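Colleague: Mind looking over this structure? Questions follow.
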Amino acid sequence: MRVIGIESSCDETAVAVYDGESGLLAHQLHSQVALHQAYGGVVPELASRDHIVRLLPLLRCALAEARSTRESIDAIAYTAGPGLIGALLVGSGFARGLAYAWGKPALAIHHLEGHLLAPLLEADPPAFPFLALLVSGGHTQLIDVAGLGRYRILGESLDDAAGEAFDKTAKLLGLDYPGGAALARLAERGRSNAWRFPRPMLDRPGLDFSFSGLKTAALVALRGRDLDDGLRADVARGFEEAVVDTLAEKCRRALRASGHRRLVVAGGVGANQRLRARLRRLGDETGARVYFPRPEFCTDNGAMIALAGCLRMQAGARPAPGPGVRAVWELADDVT
Ligand code: KG4
Ligand code: ZN
Numbered sequence: 001m002r003v004i005g006i007e008s009s010c011d012e013t014a015v016a017v018y019d020g021e022s023g024l025l026a027h028q029l030h031s032q033v034a035l036h037q038a039y040g041g042v043v044p045e046l047a048s049r050d051h052i053v054r055l056l057p058l059l060r061c062a063l064a065e066a067r068s069t070r071e072s073i074d075a076i077a078y079t080a081g082p083g084l085i086g087a088l089l090v091g092s093g094f095a096r097g098l099a100y101a102w103g104k105p106a107l108a109i110h111h112l113e114g115h116l117l118a119p120l121l122e123a124d125p126p127a128f129p130f131l132a133l134l135v136s137g138g139h140t141q142l143i144d145v146a147g148l149g150r151y152r153i154l155g156e157s158l159d160d161a162a163g164e165a166f167d168k169t170a171k172l173l174g175l176d177y178p179g180g181a182a183l184a185r186l187a188e189r190g191r192s193n194a195w196r197f198p199r200p201m202l203d204r205p206g207l208d209f210s211f212s213g214l215k216t217a218a219l220v221a222l223r224g225r226d227l228d229d230g231l232r233a234d235v236a237r238g239f240e241e242a243v244v245d246t247l248a249e250k251c252r253r254a255l256r257a258s259g260h261r262r263l264v265v266a267g268g269v270g271a272n273q274r275l276r277a278r279l280r281r282l283g284d285e286t287g288a289r290v291y292f293p294r295p296e297f298c299t300d301n302g303a304m305i306a307l308a309g310c311l312r313m314q315a316g317a318r319p320a321p322g323p324g325v326r327a328v329w330e331l332a333d334d335v336t
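Position 155 (the sequence shown) corresponds to 155 in the working numbering; numbering is contiguous.
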């Protein structure tokens with residue numbers, strides 16, 4: 001079973017080829033970060049237009065890299081949501097047009113399912129069931145994963161997602177969009193505990209998150225002060241430590257409550273080194289095994305969509321009629 005994966009939900013255009021027996025054969029990606037940077041965030045119309053330009057060359061490169069021809073491909077999987085509706089429609093139109101021309105099935109994939117299956121792209125992948133911490137630009141969720149398509153949300157952010165909080169705080173610190181990785185680099189030079197920000201919602205039971213207060217705390221810390229490098233780095237460090245502590249503590253509680261022995265971390269913030277180190281330590285402390293995708297598969301990519309498509313095909317998924325794109329789509333809703 002060999003599947004092409006197409007990702008175009010936001011500001012990355014990506015195409016990959018995944019083979020059920022040989023694994024990942026190719027993955028190609030074009031980031032639109034430079035395109036959107038001047039505007040301080042993603043401009044949806046520009047994103048859609050750029051996806052149109054990039055998809056075909058990326059497909060050609062991916063097929064060449066995979067040494068695959070049309071005959072060897074069994075299905076075409078594409079991200080159907082959640083995401084920017086125009087961007088999703090470009091990927092869906094492209095994937096479905098290709099599928100029609102080649103006489104192959106087109107499979108609509110949930111973007112977050114792609115993220116949480118991404119650790120299965122690595123050697124020594126986790127087996128089902130597991131607990132997943134999904135931390136991306138748009139979502140922060142703890143998910144009980146019983147098996148493929150069997151997802152139960154245990155907790156989620158009530159306001160900003162972790163990645164969104166990183167990006168907004170990065171902006172306050174004068175860093176370019178998307179600021180998560182840049183903030184993490186700045187935090188490296190900051191002093192631990194020079195600023196002690198709140199650990200939101202740790203004082204009450206439950207597995208939900210709230211991150212919007214943290215950017216306000218960072219704003220208050222910066223207000224009226226000279227924005228010198230030392231202060232910026234200390235605030236970045238304080239902010240990152242607060243997010244990491246909060247995520248780690250909620251994971252500890254979720255492991256305890258669910259009884260899972262495996263923790264899978266996925267989504268763009270999963271590339272954060274301090275979070276990775278902290279969750280590895282949590283694994284040592286609790287006896288749970290912690291799995292991460294490599295950092296480039298934490299952020300948006302086509303490999304995770306191709307993999308999800310392949311697993312879905314192997315499980316007997318059938319193509320859905322219509323373009324099937326959804327800007328808003330809960331993971332626990334009829335993913336099939
Ligand atoms: O999963 P993703 O690529 O896109 C969504 O589906 O949302 O996640 C992007 C998010 C952005 O908010 C970005 O700032 C954040 O992941 N991010 C990071 C790091 N790398 C990416 N946040 C913290 N530390 C990083 N190293
Ligand atoms: Zn994503």
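Note that the Cβ used here is the ideal one computed from N, Cα and C, for glycine as well.
Here the structure is a predicted model, which means the values were calculated and not measured.
Nearest to residue 340 by CA position, among 2, 33, 290, 278, is which residue?
Modeller: Nothing in the structure corresponds to residue 340, since the chain is present only between 1 and 336.
Colleague: Taking the beta strand (DSSP E) that residue 86 falls in, what are its first and last residues?
Modeller: From DSSP, residue 86 is part of no beta strand (DSSP E) but of the alpha helix (DSSP H) over 85-102.
Colleague: Beta carbon of residue 305, beta carbon of residue 83: below 9 angstroms?
Modeller: Contact: no.
Colleague: For the ligand ZN, list every residue whose C-beta falls under 5 angstroms from any of its heavy atoms, going in chain order.
Modeller: In chain order, the hits are 136, 300.
Colleague: Might you give, ordered along the chain, the residues of its own chain that have their beta carbon closer than 6 angstroms to the beta carbon of residue 336, omitting 5 neighbours on each side?
Modeller: Here residue 336 scores only 46 on pLDDT, less than 50, and its place in the model should not be relied on; the value that follows carries that caveat. Hits under 6 angstroms: 149.
Colleague: Please report how far the alpha carbon of residue 379 lies from the alpha carbon of residue 17, in whole angstroms.
Modeller: Nothing can be reported for residue 379, as the shown portion of the chain is limited to 1 through 336.
Colleague: Can you check which of these residues, 223, 236, 164, is closest to residue 196 by C-alpha distance?
Modeller: With distances taken between Cα atoms, residue 196 lies closest to 236.
Colleague: Specify, as a first and last residue, the run of the beta strand (DSSP E) that residue 265 falls within.
Modeller: First-last of the beta strand (DSSP E) with residue 265: 262-266.
Colleague: Measuring alpha carbon to alpha carbon, tell me which of 246, 156, 186, 176 ends up nearest residue 331.
Modeller: The option with the nearest alpha carbon to residue 331 is 156.
Colleague: Just the Cα atoms here: how many angstroms apart are residue 204 and residue 94?
Modeller: So the two alpha carbons sit approximately 47 angstroms from each other.
Colleague: State buried or exposed for residue 312, treating a residue as buried only when at least 16 other CB atoms are found within 10 Å of its CB.
Modeller: Buried.
Colleague: Alpha carbons only, please: which of 134, 117, 186 is nearest the one belonging to residue 209?
Modeller: With distances taken between Cα atoms, residue 209 lies closest to 134.
Colleague: Identify the residues that DSSP records as bridge partners of residue 13: which are they?
Modeller: Paired residue(s): 30.
Colleague: Going by beta carbon distance, what residues of the same chain come within less than 7 angstroms of residue 319, once the five residues before and after it are set aside?
Modeller: Excluding sequence neighbours, residue 319 sits near 105, 106, 107.
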